[in-house]
Amino acid sequence: MQEMGIKASMENYGCMVDLLCRSGLLDEAYSFVTSMPILPNSVIWRNLLVASKSSNRTDIVGLASKKLFELEPQNPENYVLLSNLYALNSQWDRVRYMRKKMKDNNVTVVAGCSSIEINSYLHKFVVSDGSHPEIKEIRVVLREIADRVLRSGHKPWTAAVLHDVGEEEKEIALCEHSERLAIAYGLLKTKAPHVIRVVKNLRFCPDCHEVSKIISKSYGREIIVRDRVRFHRFIGGSCS
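Heads up, the sequence shown is in numbering that gives the first Met the number 0, so the first residue is 0 and it goes up one at a time.
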């Protein structure tokens, strides 16, 4: 960075780590983080943890989670990320341990919520939300989405469901995540070329992220989702 005339800042280092992680260069990202001349912040360690989780790199997960809990012992997102990793490997005893640890430390998880504005009115959804007045119509769209996703060959990422239940129950739960409900409502109430814009207060669910790619291609729609980390723009089956 210094050779290119860029003043080294935490934001610069964070962008580089994010770029390496998103490119699948996990070893390079790990080496970069551990050689930083300044102490990495929680954002950098969290990006490394997310990438390690996706690649099932338990060696890096151990270090990243340790650093995160040292920096942010009360941040519920850190507990959820680690629980996701354990769920991915069906380590349900560890998932239960993380829940107990959260309870013992008085850590409360913020409920995931996704919102979409239709005709100047803000509609909010939580997971498996049955309170919306048009929920029957929304679930018809969800079933159509599920059929198209199935035909595309997508395999649901059921590890995103942190409950020790059967695969069928997990797939059903994924179909009613808050971001998917909001996108389905956008499909129900708008037509192309209207852009479907959704805001989520937490990170985008990995499975919903992949499904959103499929929706954008199958329905010929542009979808923009802003989660707590970044913007996701889906067009033609890709996210930019």
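Every residue, glycine too, gets a C-beta built ideally from N, C-alpha and C.
The structure displayed is predicted, hence computed values, not measured ones.
Residue i - DSSP class collapsed to helix/strand/coil
| i | result |
| --- | --- |
| Arg232 | strand |
| Leu187 | helix |
| Tyr120 | strand |
| Ser30 | helix |
| Ser240 | Given that the chain is displayed from residue 0 to residue 239, the structure contains no residue 240 and the question cannot be resolved. |
| Cys14 | helix |
| Glu170 | In this prediction, Glu170 has a pLDDT of 49, which is less than 50 and means its spatial position is unreliable; what the coordinates show is noted afterwards. Correct three-state label for Glu170: helix. |
| Ser113 | strand |
| Ser243 | This structure cannot settle anything about residue 243, because the visible part of the chain is limited to 0 through 239. |
| Ser8 | coil |
| Ser215 | helix |
| Cys204 | coil |
| Ser239 | coil |
| Asn46 | helix |
| Asp163 | Caution is warranted here: a pLDDT of 44 is assigned to Asp163, below 50, making its placement in the model unreliable, and no coordinate value can be reported. |
| Arg19 | With the sequence shown as reference, residue 19 is identified as Leu, and Arg is not the correct amino acid for it. Residue state, collapsed to three classes: helix. |
| Leu67 | helix |
| Glu209 | helix |
| Leu24 | coil |
| Glu178 | helix |
| Val60 | helix |
| Val94 | helix |
| Lys100 | helix |
Limits of the unbroken beta strand (DSSP E) element including residue i
| i | result |
| --- | --- |
| Ile195 | 195 to 199 |
| Ile223 | 222 to 225 |
Nearest residue (CA-CA) to residue i, options the options
| i | options | result |
| --- | --- | --- |
| Met9 | Ser22, Phe31, Asp26, Glu27 | Phe31 |
| Val109 | Pro192, Ala63, Asn200, Asn11 | Asn200 |
| Val60 | Ala28, Val139, Lys154, Pro132 | Ala28 |
| Leu141 | Ser41, Cys207, Glu71 | Cys207 |
| Val228 | Gly235, Ile213, Val210, Arg202 | Arg202 |
| Leu186 | Cys204, Gly219, His176 | Gly219 |
| Asn118 | Ile134, Tyr184, Cys14, Val16 | Tyr184 |
| Lys188 | Asp226, Val224, Asn104, Val139 | Val139 |
| Lys212 | Arg56, Ser34, His193, Ile182 | Ile182 |
| Pro75 | Ile37, Asp26, Gly235, Arg98 | Arg98 |
| Glu143 | Glu209, Ser217, Tyr120 | Ser217 |
| Asn40 | Lys65, Thr57, Arg56 | Lys65 |
| Thr57 | Ile43, Asn88, Leu24 | Asn88 |
| Gly111 | Met15, Val16, Val198 | Val198 |
| Arg93 | Lys102, Ser82, Asp103, Ala7 | Ser82 |
| Asn105 | Ile222, Leu70, Tyr78, Ser51 | Tyr78 |
| Pro192 | Val210, Cys238, Arg179, Ile222 | Ile222 |
| Glu209 | Ala145, Met101, Lys190, Leu121 | Ala145 |
| Val42 | Tyr96, Arg196, Gly13, Ser51 | Gly13 |
Cβ separation of residue i and residue j, assumed to be a contact under 8 Å, to the nearest whole Å
| i | j | result |
| --- | --- | --- |
| Val49 | Leu80 | 6 Å |
| Arg45 | Leu67 | 6 Å |
| Ser54 | Ser113 | Ser54 to Ser113, Cβ: 27 Å. No contact. |
| Ala247 | Leu47 | The chain is shown only over 0 to 239; residue 247 falls outside these bounds and no answer can be derived. |
Boundaries of the alpha helix (DSSP H) in which residue i is found, first to last residue
| i | result |
| --- | --- |
| Ser82 | 75 to 87 |
| Met35 | Where Met35 is concerned, there is no enclosing alpha helix (DSSP H), given that its DSSP letter is neither H nor E. |
| Val106 | Where Val106 is concerned, there is no enclosing alpha helix (DSSP H), given that its DSSP letter is neither H nor E. |
is_contact[residue i, chain D] using C-beta, thresh 8 Å
| i | result |
| --- | --- |
| Asn46 | No chain D appears in this structure, which consists of one protein chain only. |
Closer than 7 Å: residue i CB and nearest the ligand ATP heavy atom
| i | result |
| --- | --- |
| Met9 | Questions concerning the ligand ATP fall outside what the structure shown contains, since it holds no ligand whatsoever. |
Counting only runs of 4+ residues fully inside the stretch 127 to 156, write out the alpha helix (DSSP H) ranges in chain order.
134 to 151
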